[in-house]
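First up is the structure itself, then whatever we jot down about it.
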Amino acid sequence: MIETMPYPGSTDLLRVLIERWRQDPGSTYRTWFLWDERLKNFRSIRRGIAQVVEEIGGGTFGNVYRGSSLETIVGSIAEQRQIFKGADHAFLWKPKLRIPDIYEDAGNQRAFGQLLHHCSCCSTEQELVEGIDTIDRLKIKGLGPAVANLLYFLHPTLMPPFNTAIVNGFNAITGAKVKLGRWDQYLGMRRGILELNRAYRDLLSNDLGAIAGFLFDVGTGRFSAPPVGNGETARDAWLSELSKARETAKRLEAPIAAARENDLTHTQVQAWLRDLGLALGYRIWIASNDRGRSYNGAMLASGCIDRLPSSIEDAAGAESIRLIDVLWLDAASDRVVAAFEVEHTTSIYSGIVRMLDLALSGDLHTAGGLFLVAPDGREDEVRNQLRRPAFSRVADLQVRYLPYGELERNKDAIARFGTGMKGIQAIARLL
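So that you can map any letter, position 171 of the sequence shown is 175 in this note's numbering, and since no number is skipped, the others follow by simple counting.
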């Protein structure tokens with residue numbers, strides 16, 4: 005049982021801190037929680053977890069981490085900006101310590117798969133906790149609360165993410181002494197997080213990623229927790245320090261600026277593909293969560309269709325297909341002629357899953373029209389990624405690699421002289 009003190013200092017001070025955190029352009033609230041790409045990853049990560057469960061249940065998962073479906077999905081999580089950096093460390097096989105013991109012990113591996121399956125299927129807080137209690141009783145060496153980062157993507161309103169910085173932030177805010185590496189400690193912290201989230205729900209969210217991001221920023225030192233007690237001297241000193249937070253956080257601005265530049269580049273490439281498709285006479289769909297982005301003074305979805313055809317909207321994978329970065333549709337038949345996923349710096353996993361949903365959703369698209377669009381220098385990386393067992397089905401899809409440079413150099417000529425798909429296929433390479 006984790007004992008927590010009343011929230012240190014005045015609750016008004018904590019409210020002041022949360023408000024300042026929400027306003028800070030460099031906070032995880034602005035750079036990750038409100039990030040459009042964040043929501044696009046949930047479905048693909050859930051699909052990846054289902055694949056891990058299927059392989060463990062079928063006895064095909066194997067006994068190594070490198071190249072496994074688990075590495076693919078955990079790597080996709082770890083690339084989601086700063087809050088999940090290092091999420092893969094707990095799953096890396098450490099032979100000297102023989103942890104985590106889910107690679108060489110078949111029984112432990114099955115128990116891990118059963119936990120993921122149970123949590124994928126259940127819907128209540130009690131069922132989730134029961135699943136965690138079940139695996140905790142097995143005392144599997146090296147398999148601790150880092151698994152909560154997987155469970156968060158299954159149940160974001162019930163399971164908060166977990167890492168050292170979040171623990172440090174929680175301890176600083178609440179006066180608790182949560183320790184790393186134990187499920188009972190995580191569950192105790194989770195209760196405290198839910199209580200804190202309820203108290204400040206108007207500033208946070210039902211999605212526990214918001215409060216986890218707040219605790220992360222406190223735990224990394226971007227903000228300091230309010231002082232214990234209500235002494236005016238301590239209060240004034242803390243408020244003065246808070247007012248200088250932006251100055252002291254300048255060392256963190258470089259990666260934040262890079263992330264914003266990445267978002268701009270992603271939008272620019274979407275705009276190139278939009279304009280080229282319109283010039284070739286296709287109807288254009290922009291990913292549902294990107295439609296409101298601004299580019300060159302206009303909305304990214306300007307001139308594009310507002311709703312996908314009913315044949316796609318009614319398909320089994322419609323939720324995922326709506327998130328594909330750019331779709332070109334034949335004006336007469338409403339079939340998808342081309343699908344483009346723009347992968348500037350992040351993992352290709354989510355984009356491939358969305359293409360799979362399109363490819364496997366019946367007669368909705370034309371063969372040979374699936375494109376991964378990425379910087380020129382990422383081709384080898386993309387090819388290496390596609391060799392993983394997790395992408396074994398992709399070989400049959402005729403996915404093409406379209407480098408930024410080729411697109412930028414040739415888009416105007418294709419728009420002016422090209423017809424159909426010949427031009428865009430000519431500058432892309434089969435993967």
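Note that beta-carbon positions come from the ideal geometry of N, C-alpha and C, so glycine has one too.
- Task: Give the DSSP bridge partners of residue 193, in chain order.
- Result: Looking at the DSSP assignment, residue 193 forms no beta bridge with any residue, so it has no partner.
- Item | Start and end residues, alpha helix (DSSP H) containing residue 171 | From DSSP, the alpha helix (DSSP H) with residue 171 extends over 168 to 178.
- Item | residue 290 (DSSP reduced to helix, strand or coil) | Here residue 290 sits in strand by DSSP.
- In this structure, does DSSP put residue 413 in helix, strand or coil? Residue 413: helix per DSSP, three-state reduction.
- Rounded to a whole number of angstroms, what is the C-alpha to C-alpha distance between residue 395 and residue 403? 12 Å
- Query: So residue 328 packs on residue 319, CB below 8 Å; how close in whole Å?
  - Reply: Not a contact, Cβ separation roughly 12 Å.
- Query: Could you give the distance in angstroms between the alpha-carbon of residue 263 and the alpha-carbon of residue 35?
  - Reply: With a pLDDT of 48 at residue 263, under the threshold of 50, the predicted position of this residue should be treated as unreliable, and no value is reported.
- Using beta-carbon positions only, say whether residue 39 and residue 221 come within less than 8 Å of one another. no
- Message: Output needed for residue 470: all residues of its chain with C-beta closer than 7 Å, excluding positions within five of it in sequence on either side, in chain order.
- Response: Outside the displayed span of the chain (5 to 435) sits residue 470, for which this structure offers no information.
- Item | Cutoff 6 Å; reference residue 116; Cβ partners in own chain excluding five residues on either side | By the criterion of a C-beta distance shorter than 6 Å, residue 116 is surrounded in its chain by 106, once the five residues flanking it on both sides are discounted.
- 8 Å contact criterion, which residue 120 and residue 57 should meet: CB distance rounded: 5 Å
- Message: Would you call the stretch 190 to 202 in contact with the stretch 41 to 53, where contact means no fewer than 3 C-beta pairs closer than 8 Å?
- Response: no
- Item | Other residues of its chain near residue 37: CB distance less than 7 Å, five sequence neighbours each side excluded | Take residue 37, set aside five residues on each side of it, and the residues of its chain with a beta-carbon closer than 7 Å to its own are 213, 214, 217, in chain order.
- Give the straight-line distance between the Cα atoms of residue 271 and residue 304, rounded to the nearest whole angstrom. 8 Å
- Item | Under the three-state DSSP convention, the category residue 209 falls into | coil
- Query: Taking Cβ positions, are residue 286 and residue 362 nearer each other than 8 Å?
  - Reply: For the 8 Å CB-CB criterion, residue 286 and residue 362 do not form a contact.
- Message: What does the Cβ neighbour count give for residue 261, buried or exposed, with the cut at 16 atoms within 10 Å?
- Response: For residue 261, the predicted structure reports a pLDDT of 49, less than 50, and the residue's modelled location is therefore unreliable. A value from the coordinates is still provided. Its Cβ having fewer than 16 others within 10 Å, residue 261 is exposed.
- Query: By how many angstroms is the C-alpha of residue 357 removed from the C-alpha of residue 321?
  - Reply: 10 Å
- Presumed contact (8 Å Cβ cut-off) between residue 104 and residue 146, rounded CB distance: 4 Å
- Message: If contact is defined by three or more beta carbon pairs under 8 Å, each pair taking one atom from either stretch, is the stretch 158 to 170 in contact with the stretch 203 to 213?
- Response: yes
- Item | Best match in 353, 427, 364, 337 for proximity to residue 75 [C-alpha to C-alpha] | 353
- Query: Going by the beta-carbon positions, is the gap between residue 307 and residue 282 smaller than 8 Å?
  - Reply: yes
- What is the residue span of the beta strand (DSSP E) that residue 330 lies within? 330 to 333
- Keeping to the same chain, check which residues put their C-beta closer than 7 Å to that of residue 11; ignore five residues upstream and five downstream. Residue confidence for residue 11 is low, a pLDDT of 47 falling below 50, so the modelled location carries little weight; the figure read from the coordinates is stated next. So the list reads 18, 177, 178, once near-sequence residues are dropped.
- Query: If you compare alpha carbons, which of 242, 96, 225 is closest to residue 151?
  - Reply: 96
- Message: Excluding the 5 residues flanking residue 422 on each side, which residues of the same chain have their C-beta closer than 7 Å to its C-beta?
- Response: 284
- Message: For residue 113 and residue 60, what's the separation of their Cα atoms in angstroms?
- Response: 7 Å
- Could you please give the first and the last residue of the uninterrupted alpha helix (DSSP H) stretch that includes residue 116? 110 to 125
- residue 242 CB to nearest heavy atom of the ligand GTP below 7 Å: Because no ligand of any kind appears in the structure shown, any question about the ligand GTP cannot be addressed here.
- Message: Measuring straight from C-alpha to C-alpha, what distance separates residue 228 and residue 87?
- Response: 17 Å
- Same chain, Cβ closer than 6 Å to residue 427, neighbours up to 5 away in sequence not counted: 418
- Item | Beta-carbon spacing of residue 201, residue 43 below 8 Å | Annotated as distal: residue 201 and residue 43, with beta-carbon spacing of 8 Å or more.
- Hey, quick one: how far does the alpha helix (DSSP H) through residue 156 stretch, first residue to last? Annotation for residue 156: the continuous alpha helix (DSSP H) segment containing it runs 152 to 158.
- Query: If you draw a straight line from the C-alpha of residue 365 to the C-alpha of residue 219, how long is it?
  - Reply: 41 Å
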